[in-house]
Amino acid sequence: MARSDDDRFLSSPGERAFRPMLRAGQRFARDAAQRPILIFEEVFKSYRSGKPVLRGVNLLIERGEFVFITGPSGAGKSTLLRLLYRSETVDDGRILFLGRDVARLTAESVPFLRRNLGVVFQDFKLVTAWTVFENVAIALEVLGLPTRLIRARVGEALERVGLAGRGDDTAGVLSGGEQQRVAVARAIGGEPALILADEPTGNLDPQLAIDILGLFEEINDAGTTVLFGTHDRSLLEVRPRRIIVLDDGKATDVPSGISSESGEFYDNELPL
Ligand SMILES: Nc1ncnc2c1ncn2[C@@H]1O[C@H](COP(=O)(O)OP(=O)(O)O)[C@@H](O)[C@H]1O
Ligand SMILES: [Mg+2]
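Residue 36 is where the sequence shown starts when you use our numbering, and the numbers rise one by one after that.
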C-alpha cells in the first residue's frame, strides 16, 4: 500500500537522519507562551478549483483547551487537521502554531511540528508486526532522542495510557481499543504541546469510544491542548466542552452542554 502523507508525518526511515531537535521554546518566538497556542486566520483550502472545503476559517485556541472539531462528513475536519500537521498546505490565510506560521514553514522546519504536535488517527496506523514498545519508540527515534531517554519516555507513555507492562507484546495481537491506546502513547511520548485526533474513536464500539475520549481528557487535564475531530454526536454530549462546528467552509463555536435541556438544539444548530 502506498504511504500517505499521514504516514510520512509519523515516521520514515530517511528522516532518522534529522539532527536532534532543539528543545521546545528555542525554535519559536520567545513570547509564544503568552499567546494562544493556535490561531487560524482566514484559512482557505480547496482540492479542486471552484469547490473550496475551507472558506475563511478563523479560530483561536488557548493553551490547555480541549476542543471538539465537529460537523458533517465531508465538512473539512480532516482537512483542517492536515493543514495543521502540514500534510496539506493552505491556499490562503495563516495558521499560527506556537507563534509560527505553519503554512510557511520551510521543509527543514517541519520537524518543529513533530516535536510539538502529536497526531492520532482513526485507523491507529501502527506497524502491527512490531512490538508495542517499538511502535511508541519510533516517534522518539525520529526526534533523535538518546536510547535511554526513549526507554524511559516509552515506559511512562504506556503507563499513562494504561498499557504498563505490555511493551513486548506484538501490536497486532492487541484489541482495537488497546491499539488506539498505543497510538495515543506514541502521540504523547514526545510531550507535545498539542495533540490532534482525527476521528480517533471511529473504529471502536461506543463504550471503547468513551474510554478513549476519557484518555484524551486525562491528557488534557495534565496540561496538553487537545483538538479532537469527530462527527460522533454522542461523544459531544459526554461532558460540556468547547465545540467548533465546521460547515459550509466556516468554523463556528456552538455552546455545549445544553442539549439535555433542549433536545432541539442539536437539530437546529449542529449540522450533523
Ligand atoms: N486529497 C483530496 N483530494 C480531493 N478532495 C479531497 C481530498 N481530501 C478531502 N477531499 C474532499 O474535501 C472535502 C472535505 O473532506 P474531509 O476534510 O475529509 O472532511 P471530513 O473529515 O469532515 O469528513 C470532501 O468533499 C472530500 O471529498
Ligand atoms: Mg475526516
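Where is the CB? At the ideal position from N, CA and C, for every residue including glycine.
Pick from the options: whose alpha carbon is nearest that of residue i?
i: residue 90; options: 232, 284 and 290; result: 284
i: residue 251; options: 225, 216, 92 and 129; result: 216
i: residue 98; options: 84, 73 and 85; result: 73
i: residue 83; options: 120, 133, 126 and 116; result: 126
i: residue 169; options: 182, 157 and 118; result: 182
i: residue 249; options: 287, 288 and 195; result: 195
i: residue 94; options: 123, 103 and 245; result: 103
i: residue 286; options: 204, 273, 274 and 264; result: 264
i: residue 71; options: 158, 179, 288 and 133; result: 133
i: residue 75; options: 266, 123, 131 and 114; result: 131
i: residue 267; options: 241, 257 and 253; result: 241
i: residue 204; options: 273, 177 and 171; result: 171
i: residue 157; options: 253, 218, 279 and 257; result: 218
i: residue 272; options: 245, 254, 257 and 179; result: 245
Between the beta-carbon of residue i and the beta-carbon of residue j, is there less than 8 Å?
i: residue 100; j: residue 259; result: no
i: residue 140; j: residue 121; result: yes
i: residue 92; j: residue 119; result: no
i: residue 185; j: residue 198; result: no
i: residue 88; j: residue 114; result: yes
i: residue 112; j: residue 281; result: yes
i: residue 180; j: residue 149; result: no
So, under 8 Å CB-CB, residue i and residue j are touching, yes? Tell me the CB distance rounded to an integer number of Å.
i: residue 206; j: residue 214; result: 6 Å
i: residue 243; j: residue 211; result: 7 Å
i: residue 154; j: residue 231; result: 5 Å
i: residue 229; j: residue 151; result: 7 Å
i: residue 147; j: residue 135; result: 7 Å
i: residue 288; j: residue 277; result: 7 Å
Let me see if you follow: with CB-CB separation under 8 Å, is residue i close to chain D or not?
i: residue 204; result: Annotation note: the requested chain D is absent from the structure, which comprises a single protein chain.
Handout entry: Three-pair Cβ contact test at 8 Å for the region 67-87 versus the region 230-241
Key = no
Practice task
Examine the Cβ distances between the region 92-110 and the region 163-171 and report whether three or more of them are shorter than 8 Å.
Solution key: no
Practice task
Spell out a yes or no on whether the region 177-191 and the region 215-229 are touching, meaning 3 or more CB-CB pairs, one atom from each, closer than 8 Å.
Solution key: yes
Handout entry: Residues near ligand 1, criterion Cβ-heavy atom distance below 5 Å
Key = 82, 88, 108, 109, 110, 111, 112, 113 and 114
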